[in-house]
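Residue numbers (the working numbering): 540 to 765.
No residue lacks a Cβ here, since even glycine has one placed at the ideal position from N, Cα and C.
This one's a predicted model, so the numbers in the text were calculated from it and none came from an experiment.
Okay, structure first, notes after.
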Ligand SMILES: C[S@@+](CC[C@H](N)C(=O)[O-])C[C@H]1O[C@@H](n2cnc3c(N)ncnc32)[C@H](O)[C@@H]1O
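Take a look at the structure:
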């Protein structure tokens, strides 16, 4: 992210690690999920990259809400809404059954209000996590991209995993950029994206941990009509 130009992105939709030490039944883990050192630098960069008067939607893990809220506030974002995605099943249970995912709608500056605001409770669908241990359903990302960006806009997901955000953006005629640390997920994202359309998925190594050079796949965006 540090190499990209300031105020160059129209909308950020991201699903960062939840800082939850996640491990699924088969032992799969998520890089960066065991620490929060990346959290503040990452959101500071996202704020810098976002154009003025624009939106960022970030999923987060509720047990670490205070860490995420502090990082967003310190970066300069203001909270403008809270989205709940209702599951028809429980992903696990303790004192209650866990039946939702959640995301904050964050703003930089003063973006215009959408003409038809999205409900802040939406239905979730299960992916089976076949392509990624915490794979987000493309179908729940689409309405977010539709509501907070316009066709031709550049959508960024700096924690893109298997590329779910990028696919939703591609389907909706947005340009997109994704960053993914794990080479296997980076490959999956590249394979899932329909070839022949503009893409830019970078496997950057962890710019928050080292400067390892990485395979960068990029194609220039289609020229925009004058
Ligand atoms: C919650 S997962 C995203 C899953 C994605 N929404 C999907 O549907 O596949 C977060 C992703 O961030 C990646 N990640 C963690 N630290 C990173 C970093 N410093 N830079 C880029 N990606 C990172 C992890 O490898 C993981 O794939």
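Anticipated Cβ contact below 8 Å, residue i with residue j, distance rounded
{"i": "residue 550", "j": "residue 684", "result": "7 Å"}
{"i": "residue 650", "j": "residue 592", "result": "5 Å"}
{"i": "residue 553", "j": "residue 561", "result": "Actually they do not touch by this definition, with Cβ atoms about 16 Å apart."}
{"i": "residue 647", "j": "residue 620", "result": "Contact doesn't hold; Cβ gap of about 14 Å is too wide."}
{"i": "residue 768", "j": "residue 695", "result": "The structure shown does not extend to residue 768, since the chain is modelled only from 540 to 765, so the question has no answer here."}
{"i": "residue 720", "j": "residue 600", "result": "18 Å between Cβ atoms; not a contact."}
{"i": "residue 541", "j": "residue 582", "result": "Going by Cβ atoms, the distance from residue 541 to residue 582 rounds to 13 Å, so no, they are not a contact pair."}
{"i": "residue 659", "j": "residue 622", "result": "5 Å"}
Cβ shell of residue i (< 6 Å), same chain only, five flanking positions each side left out
{"i": "residue 546", "result": "590"}
{"i": "residue 666", "result": "674, 676"}
{"i": "residue 603", "result": "558"}
{"i": "residue 631", "result": "637"}
{"i": "residue 670", "result": "701, 727"}
{"i": "residue 598", "result": "554, 642"}
{"i": "residue 644", "result": "596, 619, 620"}
Straight-line gap, residue i to residue j (C-alpha atoms, nearest Å)
{"i": "residue 653", "j": "residue 689", "result": "11 Å"}
{"i": "residue 573", "j": "residue 556", "result": "9 Å"}
{"i": "residue 484", "j": "residue 679", "result": "This structure gives no information on residue 484, because the portion of the chain shown stretches from 540 to 765."}
{"i": "residue 642", "j": "residue 625", "result": "12 Å"}
{"i": "residue 543", "j": "residue 723", "result": "23 Å"}
{"i": "residue 668", "j": "residue 612", "result": "31 Å"}
{"i": "residue 725", "j": "residue 699", "result": "8 Å"}
{"i": "residue 714", "j": "residue 629", "result": "34 Å"}
{"i": "residue 733", "j": "residue 566", "result": "30 Å"}
{"i": "residue 595", "j": "residue 564", "result": "31 Å"}
{"i": "residue 718", "j": "residue 627", "result": "31 Å"}
{"i": "residue 731", "j": "residue 608", "result": "32 Å"}
{"i": "residue 672", "j": "residue 655", "result": "34 Å"}
Contacts around residue i, its chain only, beta-carbon distance under 7 Å, and the 5 residues preceding and following it disregarded
{"i": "residue 657", "result": "682, 686"}
{"i": "residue 586", "result": "614, 615, 616, 647"}
{"i": "residue 575", "result": "558, 606"}
{"i": "residue 548", "result": "588, 589, 590, 693, 695"}
{"i": "residue 697", "result": "540, 553, 581, 585, 718"}
Cβ-based burial, residue i [other Cβ within 10 Å; buried from 16]
{"i": "residue 709", "result": "buried"}
{"i": "residue 640", "result": "buried"}
{"i": "residue 634", "result": "exposed"}
{"i": "residue 584", "result": "buried"}
{"i": "residue 701", "result": "buried"}
{"i": "residue 704", "result": "buried"}
Residue i CB to nearest heavy atom of ligand 2 below 7 Å
{"i": "residue 569", "result": "Ligand 2 is not part of the structure shown, which contains ligand 1 as its ligands."}
Nonlocal neighbours in the same chain, by C-beta distance under 8 Å from residue i, ignoring five residues either side
{"i": "residue 664", "result": "676, 678, 679"}
Alpha helix (DSSP H) runs contained entirely in the stretch 590-614, provided each spans 4 or more residues: The stretch 590-614 contains these whole alpha helix (DSSP H) runs: 604-614.
Entirely enclosed beta strand (DSSP E) segments - the stretch 648-692, minimum 3 residues: Within the stretch 648-692, the runs of beta strand (DSSP E) at least 3 residues long that lie entirely inside it are, in chain order, 660-662.
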